[in-house]
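Comments concern the structure below.
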Amino acid sequence: MSVRTPVIAALLIGGLALVGAVGIAAAAPAGSGLILYRSPFPAGLDATVVHLWTTDGKGQNAREILRIKPTGRSDVLRGAYLVPDGVILATTDANDGNNTDIEFLKRGSPKVQRLFTVRGLGWFQPSPDGQMIAYSRQLPVAGKPLFVIARRDGTIVRALAHMSLAIFGWSSDSQQVFSYCPTVRRRELCAYEASTGTHRATGLMLELAASAPSVSPAGARVAFWAKLGPAGERIYSPKGAFLRNLVGQSGAVVWSPDDSQMVLQPYVGLPSAFSFKTKRLTTFAHKGPANLFVLDWR
12 MSVRTPVIAA LLIGGLALVG AVGIAAAAPA GSGLILYRSP FPAGLDATVV
62 HLWTTDGKGQ NAREILRIKP TGRSDVLRGA YLVPDGVILA TTDANDGNNT
112 DIEFLKRGSP KVQRLFTVRG LGWFQPSPDG QMIAYSRQLP VAGKPLFVIA
162 RRDGTIVRAL AHMSLAIFGW SSDSQQVFSY CPTVRRRELC AYEASTGTHR
212 ATGLMLELAA SAPSVSPAGA RVAFWAKLGP AGERIYSPKG AFLRNLVGQS
262 GAVVWSPDDS QMVLQPYVGL PSAFSFKTKR LTTFAHKGPA NLFVLDWR
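The sequence shown begins at 12 in my numbering and counts up one residue at a time.
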């Protein structure tokens, strides 16, 4: 691993102390855990500094933990996720927009470590235990498309499919990763075993999904935005049973660690939160800057 500091500057005061002090349990009680946010996406080609913040699971104790300074005219951050010992993120290489660095900010450390680089990155997401990273690469810049699981040093340990597939989430025990089955025509949800690479079709067909589905940590619910009949966020069981439709709602879905809530983060406007306990949809509130985007909750 190498250390890369010119582009990314970590904040030690308050932010990293919070990341180091809050443990992320595999099955956290309702309302606990840590939530990760980013500053808004830049308009057009005007690159801006990206700020990463955290709060606790109730939206309190807001802290800025990282500033990412772009060197080009594009949004440098491709994604960021919480893991038990810090944050794993992906940033675009300023010298070659086709290269993406997968990086790690350790709790209590002032430096961001480059773990490995992927050319033609499509999707990526680390396992909840932070030991593995699933990612896909795509044509034309990367050669043959792949959907793989790698160790944190970038060593590929398992090829899940020889095509570039979206990643819908990991199971909370880090044993399964969810995506489309390896045949585009069927558009069916599959669970891939991280240890063997084998896949299992769940029975949930995804033809109506206008956005990438999101699987809850316990694997009990699958949410996606559908444009038809009536338009809104659809929630299914993995076996295909319809559970609920949040009419008129859409956005990137972020789940609470215990599956009890889902946050819908639109690209424009305030996020909303749906509670499966109260069956109520409310505006999502936190103590950080009002324009933050929710990225992850562990």
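The beta carbon of each residue, even a glycine, is placed where N, CA and C say it ideally should be.
Please read these numbers as outputs of a predicted model, since none were measured by experiment.
{"Asked": "Exposure label - GLU75; buried when at least 16 CB within 10 Å", "Found": "buried"}
{"Asked": "Straight-line gap, PRO40 to GLY68 (C-alpha atoms, nearest Å)", "Found": "Here PRO40 scores only 34 on pLDDT, less than 50, and its place in the model is too uncertain to base an answer on."}
{"Asked": "Residues of its chain near LEU22, where Cβ-Cβ distance is below 7 Å and the 5 sequence neighbours each way are ignored", "Found": "In this predicted model, LEU22 has a pLDDT of only 43, less than 50, meaning its place in the structure is not dependable; the value taken from the coordinates is given anyway. The answer, listed in chain order, is GLU75, ILE76, LEU77, ARG78."}
{"Asked": "Own chain residues within Cβ distance below 6 Å of ILE113, not counting five before or after", "Found": "ALA101, LEU126, PHE127"}
{"Asked": "Opening and closing residue of the beta strand (DSSP E) in which PRO224 lies", "Found": "Where PRO224 is concerned, there is no enclosing beta strand (DSSP E), given that its DSSP letter is neither H nor E."}
{"Asked": "Cβ separation of PRO193 and GLY141, assumed to be a contact under 8 Å, to the nearest whole Å", "Found": "Actually they do not touch by this definition, with Cβ atoms about 26 Å apart."}
{"Asked": "Proximity of LEU47 and THR59 at Cβ, strictly below 8 Å", "Found": "no"}
{"Asked": "Pick from LEU88, GLY97, LEU215, SER206 that is closest to ASN110, judged by C-alpha positions", "Found": "LEU88"}
{"Asked": "Burial state of PHE158, where buried means 16 or more other Cβ atoms lie within 10 Å", "Found": "buried"}
{"Asked": "THR82 beta carbon near the ligand GDP (any heavy atom closer than 7 Å)", "Found": "Only the bare structure without any ligand can be found here, which leaves the ligand GDP out of the picture."}
{"Asked": "Alpha carbon of PHE287 to alpha carbon of PRO156, nearest angstrom", "Found": "38 Å"}
{"Asked": "Own chain, CB closer than 6 Å to HIS210, minus 5 neighbours either side, in chain order", "Found": "CYS201, TYR203"}
{"Asked": "Paired residues, beta bridge with GLY180 - DSSP", "Found": "PHE189"}
{"Asked": "Straight-line gap, LEU219 to TRP266 (C-alpha atoms, nearest Å)", "Found": "21 Å"}
{"Asked": "Of the listed residues ARG291, TYR146, PRO139, nearest to ALA170 (C-alpha basis)", "Found": "TYR146"}
{"Asked": "Residues bridged to TYR117 [DSSP beta-bridge criterion]", "Found": "First, the amino acid is wrong: residue 117 is Lys here, not Tyr. GLY97."}
{"Asked": "Coarse secondary structure for ALA284, derived from DSSP in three states", "Found": "strand"}
{"Asked": "Rounded C-alpha distance that separates ARG255 from SER120", "Found": "43 Å"}
{"Asked": "LEU217 to ARG198 span [Cα, whole Å]", "Found": "5 Å"}
{"Asked": "Spatial distance of GLN71 from GLY299 (CA atoms)", "Found": "8 Å"}
{"Asked": "Those residues which DSSP pairs with VAL168 across a bridge", "Found": "Per DSSP, none; premise fails for VAL168."}
{"Asked": "Identity of the residues DSSP links to ILE160 by a beta bridge", "Found": "ALA145, ARG169"}
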